[in-house]
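Chains as they are written, first to last, in my numbering: chain B, 1 to 653; chain E, 654 to 988. Every residue, glycine too, gets a C-beta built ideally from N, C-alpha and C. Predicted model only: the values in this text are computed from it and were never measured. Below: the structure, in C-alpha cells.
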C-alpha cells in the first residue's frame, strides 16, 4: 500500500483497515478454496453441486410451503372475521328477541275478564321497565290505537295519554299478532329502537299493542367494542345504510350513511352463491384498504361488519412467511455447511495423499500419511504407507548390496594393484638380471669383432655381426621393459630444467637419421621460430621424440617424416607425421598399450617390441601432457603431443 | 497432522457460518416469542368506596362484561384513604402514569383535571359536567374529560309526576331552583310542561346563595304549597336546608339525588340516576378510551337507569301514606 504522507491521518487509517480486512477475507479458508487453481477445485465443485441439489430441494419445498401458508392464512383471516361478525349478529338478535319476549311476558295477566286496556295497565308497564332495564319508556295502546297507559323512566308522560297512535307502523303490524321492530333513532348520542308486541287476552286475541322505546346503547356498545387484532373494528348499519354503531363514536354522531360503499350495499343483496369469500378487500368509509366480513341480523335488517386494515390482517401471514423463510435459510445454511464439511472431509485427505506422493516422488521415502477418517480414504492411506515402507525396504537392501559389491571390487582392485606391483618388481628384477649378461655379450662381442676383424673369414664376421645386432635388440628390449617397469613401479623421477627445444629436436633427428633410408625418406624438421625455453625433463622429452621418430622411421619406407614444434594456447605442441603404412582404426585405440602391435601382416614384418608407444604415453603423462594419434592406412600417421610450457609437477608416482 | 490442519480449517470456516445461523435462529426465536400484552392501569378515587353502594363493584362488573380480568390485563388502583387530599392522590396517579383516571366526585374530577391535561379522566358525577366546566358540551367534551352524568333534562317532569303520584291531591308545588344552573341545564322546561299536564301550579323559588334557602322556604310556606321539588343547583347545603324546612312544615317533596342519605337528611323521597348503573357504564367509557378513543370525542353519557328511594319514616312523620303503586316500584325503602 502506498501512502501519501500528506493524506489526512483518518484516510490513512481507513486504508489500513481496508487492507487489513481484505487480507483477513483472503485468508479465510473458504475464500481461498474458491480461488484455487482449475485442477484443485474438487471442494468447490462438490460444494456447488450440493448447493444446487440441496438448495433446489429446500427452496422449492420452501416456496410450496410459503404458498400454502399464504393461502391458508388468508382463509383463516376470513374465517376468524366471519365468525366474529356472525357471533355479534347473533348477540344482537338474541338481545332484541329477549326484549320482545320480556314485553310479551309483561302483557300476561291473571285477570282475563276485561278485554280493555285501561290506565291500570300502568302497573304492567312499570313491571316491564323493572324487568327490562334497556326499555326507557313503555306505552299501552288499546285496540283502536289510543294510548291508554304510559310510563317513562325520566319524564312525565301524563300529557300523552289519550293520543292516537293507530296509524303508526308499530300498531299496524303488532295488531296482526306479530312483533314489530322499528327503525333506529337517536336521542342525543344514544340509539333507540321501537319494539312493539301485541297484547293478547287469549292466544290469538289481540286486545292492544305494547310499545316500548328500547335503548340499543348497551348492545351496540358491546358489538362495536369488538376488536379483532390490535386495530380491527366493527360497526353496525341498518338496511338504509345508516351507521348506528361504530368503534369510532364520532362517525355515529355524524349520522353517517354508508350507501356510497358498494360492498356495504352488496351485503344486503341476496347472494345464493355459497362460495362467496368470507372476507373481501375493500376501501372503508375513511378510505383505508380493509379486509371486510359481515353478518346479517335478519330480524332487524341490520348488518354487522368486522373490518381489519389489510396490513394488519396480513401481518400474521407475513410473520409466518418470514419465519418460514428464515427457517428455510437456516436450513439451507446448515445443509450447505454440512455439504461443505463433507466435501472437505473427502478432499483434504486426498490433498494429504497427494502431498505424500509428492514427498515420495522427491525421494523422501519416510513419508507417512496419518489419515484417520475411518473410511476408504483411510484404507487408501494405509495402503500408501505400506507401499512407502516396502519401497524403503527395497531401497535399503539395494544400498547394502551396492556397498558389498563396492567393497568386493575394492578388494579385487587392491589385489590387482598388488599383482601389478609384483609384476613390476619381477620385471625390474628380471630386466636387471638380463641386462647385465646382454651388455657383457655386447661388450665382449664388440671386442672380438674389432680384435679379429682381419683374421676371420667374411662369413664368420657376418655371423658375429648378426650376433651383436641381435644382442643389441635384446638389450634395447630389456631397456624398454626396464623403463616400463620403472614407470609403473613409480620409480622414475622427473627432473625439471630449462630446455631449448630446437637443440633437442636437432639432437634426436641426427640420432635417427642413421636409420632412415636417405634415398627414399626425407626427414623434415619444422620448429616454429621464437619458441621460448621450456621447463621440462630433458631426457624424457628426448626419449619421447626418439621413440616417436624411431617408430616413424621404422614404418616409413618412402616419403617423409616430419617433426614439428609450435606453441598453441600456452602449451607446446609437438607433432611427428609420417607417410608410412598407417594404422587401421581397430588398432588405433590400442597402440599405446604394452606389447600391442598391429595385427596386420604388413606390420609383422617390421621389428619391434610393442613397448615404444606405451613408454611414450607414460612419459608424456609424467610430464603433464597428452598424446593423440590420427592415421590412415597406407597414407601415414600423425602423433601429436601437447606439453605444458612450464611444468611444475612434482615427482609422480 | 495434515488432517488436523484440515479440521482446524473447517472449524475456522464453519464457525462464522454457524454463528450467523445461530444468531438468525435466536433473533427469530425472540421475534416469534409473543410480546406480552400491555397491562392497563386504571386509577380510581373519589366517593366510590362505600361497599354498601356497590358502586366500585358495578364498575368491576362492567369491566368483566368487556372481557377485562383484573390483575391480568387490567390493574385497578383505587385510592380511598380517608382525609387524603384529592390533589395529592391525583398527582400521584399521574406520576404512576396510569392509563385512565376514574374520578367519582366533583372535587376528584377537579383535582384530576388540575393534575393532568393528557391522561383521560372518566368522571362519574350526579350532575351536569357542562355546568361545572368539566366539558364543553355533552356530545363533544373537547378535553381529556368524559364519563357519565346523572342528569337528564326531562327528569324535572318525572319528579313532578312522582310527587303527584305519591300525594295525588297535590295542586301546588314549590320548585327550588338556581338560575345559574338553569342557564346550562334547562330542566325547568320539563317541569313546567309536566305541571301543565298534571294540572299543578308551580311556585318558583330561586335560590342564589346558601343563605337564601331558609328565607325562600319561609316565603314558600306562606304560599302554602302541597309539596316541593328541588332542581339541581350547586348552592351549598340547599338540599339539607330544604329537607329540614320540609320536615318542620310537614311538606312532602322529592330530591334529585338518590345517593344522598335521605335518612340522615330527613327527606321523603328521591329519584335519580342509578349510581351503580352509572358506574357500570363508566367501565364502557374506560374501555373505549383504552381501545384508543379520544375523550374529546366521547359523548358524556346520560342516565337510562334510575332509582326511586322512599323514606317511610319521614312519610310517617309528616303524616302521609305513600300509595302502594308508588311504593311497589321503589328501589329502596327506608323504614
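Checklist entry - Quick one, which residues of the stretch 49 to 73 of chain B are near chain E if we go by CB-CB under 9 Å, in chain order? => result none
Next on the checklist: Suppose you measure from the CA of residue 648 of chain B to the CA of residue 362 of chain B; what does that come to, to the nearest Å?
Outcome noted: For this step, residue 648 of chain B is matched to residue 648 along the first chain. For this step, residue 362 of chain B is matched to residue 362 along the first chain. Distance between the alpha carbons of residue 648 of chain B and residue 362 of chain B: 46 Å.
Checklist entry - For residue 308 of chain B, which three-state DSSP category applies? => result Reading the first chain from its first residue, position 308 is the one you call residue 308 of chain B. Looking at residue 308 of chain B - three-state DSSP - the assignment turns out to be strand.
Checklist entry - Around the C-beta of residue 759 of chain E, are 16 or more other C-beta atoms found within 10 angstroms, so that it is buried, or is it exposed? => result In the second chain, counting from the first residue as 1, residue 759 of chain E sits at position 106. Residue 759 of chain E is buried by the Cβ-count criterion.
Next on the checklist: Below 8 Å on the Cβ atoms is my contact criterion, and I expect residue 280 of chain B with residue 263 of chain B to pass it. Report the Cβ-Cβ distance as a whole number of Å.
Outcome noted: On the first chain, residue 280 of chain B is found 280 positions in, with the first residue counted as 1. On the first chain, residue 263 of chain B is found 263 positions in, with the first residue counted as 1. Confirmed, about 6 Å.
Next on the checklist: Using CA atoms only, rank isn't needed, just tell me which of B:236, B:210 and B:352 is closest to residue 171 of chain B.
Outcome noted: The sequence position of residue 171 of chain B within the first chain is 171, counting from 1. Here the closest residue by C-alpha is B:210.
Item to check | In chain order, each alpha helix (DSSP H) run of at least 4 residues that lies wholly inside the stretch 210 to 297 of chain B | outcome: 217 to 224, 249 to 253 and 262 to 268
Checklist entry - Buried or exposed: which applies to residue 957 of chain E, given that a residue is buried once 16 or more other Cβ atoms fall within 10 Å of its Cβ? => result Working through the second chain from its first residue, we reach residue 957 of chain E at position 304. Buried, by the Cβ-count rule.
Next on the checklist: Please state the DSSP three-state secondary structure of residue 188 of chain B.
Outcome noted: Along the first chain, one-based indexing puts residue 188 of chain B at 188. In this structure, residue 188 of chain B counts as coil in the three-state DSSP scheme.
Checklist entry - Going by alpha carbons, who is nearest to residue 698 of chain E out of E:691, E:807, E:776 and E:706? => result As a first step, residue 698 of chain E must be located in the second chain, where it is residue number 45. Closest by alpha carbon: E:776.
Item to check | Within-8 Å CB hit, residue 124 of chain B to chain E | outcome: Indexing the first chain from 1 puts residue 124 of chain B at position 124. Not one chain E Cβ lies under 8 Å of residue 124 of chain B.
Checklist entry - Tell me, which residues are paired with residue 571 of chain B by DSSP? => result On the first chain, residue 571 of chain B is found 571 positions in, with the first residue counted as 1. Note: residue 571 of chain B sits in a beta bridge opposite B:568 and B:644.
Checklist entry - Near residue 984 of chain E, which residues of its chain fall below 7 Å by C-beta distance, leaving aside the five closest residues on each side in sequence? => result For this step, residue 984 of chain E is matched to residue 331 along the second chain. Closer than 7 Å at the Cβ level, and outside the excluded window around residue 984 of chain E, lie 960, 961 and 962.
Next on the checklist: If distances are taken between C-alpha atoms only, which option among E:756, E:728 and E:772 comes closest to residue 748 of chain E?
Outcome noted: Here residue 748 of chain E corresponds to residue number 95 of the second chain, with the count starting at 1. When each option's Cα is compared against that of residue 748 of chain E, the closest is E:772.
Next on the checklist: Nearest by alpha-carbon distance to residue 240 of chain B: which of B:146, B:315, B:256 and B:145 is it?
Outcome noted: Here residue 240 of chain B is taken as the residue at index 240 of the first chain, counted from 1. Among B:146, B:315, B:256 and B:145, the Cα nearest to that of residue 240 of chain B belongs to B:256.
Next on the checklist: Counting only Cβ pairs nearer than 7 Å, list the residues of chain B close to residue 625 of chain E.
Outcome noted: One cannot answer for residue 625 of chain E here, as it falls past the ends of chain E, which runs 654 to 988.
Checklist entry - For the alpha helix (DSSP H) that contains residue 760 of chain E, what are its first and last residues? => result The sequence position of residue 760 of chain E within the second chain is 107, counting from 1. Here the alpha helix (DSSP H) through residue 760 of chain E covers 759 to 768.
Item to check | Sequence-distant residues of its chain with Cβ nearer than 8 Å to residue 995 of chain E (five each side left out) | outcome: No answer is possible for residue 995 of chain E: it lies beyond the span of chain E, which begins at 654 and ends at 988.
Checklist entry - At what residues does the alpha helix (DSSP H) containing residue 82 of chain B begin and finish? => result Position 82 of the first chain, counted from the first residue, corresponds to residue 82 of chain B. Residues 56 to 107.
Next on the checklist: Going by DSSP in three states, residue 527 of chain B sits in which element: helix, strand or coil?
Outcome noted: Counting from 1 along the first chain, the entry for residue 527 of chain B is found at position 527. In the structure shown, residue 527 of chain B sits in a strand (DSSP, three-state: E or B).
Item to check | Pairwise C-alpha distance: residue 614 of chain B and residue 594 of chain B | outcome: Here the question's residue 594 of chain B lines up with position 594 in the first chain. Here the question's residue 614 of chain B lines up with position 614 in the first chain. Distance between the alpha carbons of residue 594 of chain B and residue 614 of chain B: 5 Å.
Item to check | Collapsed DSSP secondary structure at residue 752 of chain E in the structure displayed | outcome: As a first step, residue 752 of chain E is located in the second chain; it is residue number 99 there, counting from the start. Of the three classes helix, strand and coil, the one that applies to residue 752 of chain E here is coil, per DSSP.
Next on the checklist: Counting C-beta neighbours from all protein chains within 10 Å, is the total for residue 246 of chain B 16 or more, i.e. buried, or is it exposed?
Outcome noted: Within the first chain, residue 246 of chain B is the residue found at index 246, counting from 1. The residue is buried, with at least 16 neighbouring Cβ atoms inside 10 Å.
Next on the checklist: So residue 951 of chain E and residue 938 of chain E are supposed to be a Cβ contact under 8 Å. How far apart are they, rounded?
Outcome noted: What you label residue 951 of chain E is simply residue 298 of the second chain in a count that begins at 1. What you label residue 938 of chain E is simply residue 285 of the second chain in a count that begins at 1. About 6 Å; that satisfies the 8 Å criterion.
Checklist entry - Which ranges would you report for the beta strand (DSSP E) in the stretch 115 to 154 of chain B if only whole runs of at least 3 residues count? => result 135 to 142 and 147 to 152
Next on the checklist: Cutting at 7 Å between CB atoms, please list the residues of its own chain near residue 217 of chain B, excluding the five before and the five after it.
Outcome noted: Along the first chain, one-based indexing puts residue 217 of chain B at 217. The answer, listed in chain order, is 190 and 191.
Item to check | Simplified DSSP state of residue 197 of chain B, which is helix, strand or coil | outcome: Counting from 1 along the first chain, the entry for residue 197 of chain B is found at position 197. Strand.
Checklist entry - Are the C-beta of residue 843 of chain E and some C-beta of chain B separated by less than 8 Å? => result In the second chain, counting from the first residue as 1, residue 843 of chain E sits at position 190. Cβ-Cβ to chain B under 8 Å: yes for residue 843 of chain E.
Item to check | Nearest-angstrom beta carbon gap, residue 788 of chain E and residue 638 of chain E [assumed within contact, 8 Å] | outcome: Outside the modelled stretch of chain E, which goes from 654 to 988, sits residue 638 of chain E, for which no answer is possible.
Checklist entry - Measuring CB to CB, does residue 560 of chain B end up less than 8 Å from residue 616 of chain B? => result For this step, residue 560 of chain B is matched to residue 560 along the first chain. For this step, residue 616 of chain B is matched to residue 616 along the first chain. No; because the gap between Cβ atoms is not below 8 Å, this pair is not in contact.
Next on the checklist: Against chain B, with Cβ distances strictly below 8 Å, would residue 976 of chain E count as a contact?
Outcome noted: Residue numbering aside, residue 976 of chain E sits at position 323 when the second chain is read from its first letter. No, residue 976 of chain E lies away from the interface with chain B (no Cβ there is under 8 Å from its Cβ).
Next on the checklist: Taking DSSP's pairing of strands, which residues face residue 612 of chain E in a bridge?
Outcome noted: Residue numbering for chain E in the displayed model covers 654 to 988; residue 612 of chain E lies beyond these limits and cannot be assessed.
Next on the checklist: What does the alpha-carbon distance come out to for the pair residue 687 of chain E and residue 728 of chain E?
Outcome noted: Translated into positions along the second chain, residue 687 of chain E becomes position 34. Translated into positions along the second chain, residue 728 of chain E becomes position 75. Confidence at residue 687 of chain E is low in this model, with a pLDDT of 48, below 50, so the placement of that residue is unreliable and no value is reported for it.
Checklist entry - Hey, is residue 163 of chain B's beta-carbon within less than 8 Å of any beta-carbon in chain E? => result To locate residue 163 of chain B, count along the first chain from 1; it is residue 163. Judged by the 8 Å Cβ criterion, residue 163 of chain B is not in contact with chain E.
Checklist entry - Terminal residues of the continuous beta strand (DSSP E) containing residue 963 of chain E? => result For this step, residue 963 of chain E is matched to residue 310 along the second chain. Residues 959 to 964.
Next on the checklist: For residue 644 of chain B, which residues in the same chain have their Cβ closer than 7 Å to its Cβ, ignoring the five residues on either side in sequence?
Outcome noted: Within the first chain, the letter at position 644 stands for residue 644 of chain B. Within the same chain, residue 644 of chain B has close Cβ partners 571, 624 and 625.
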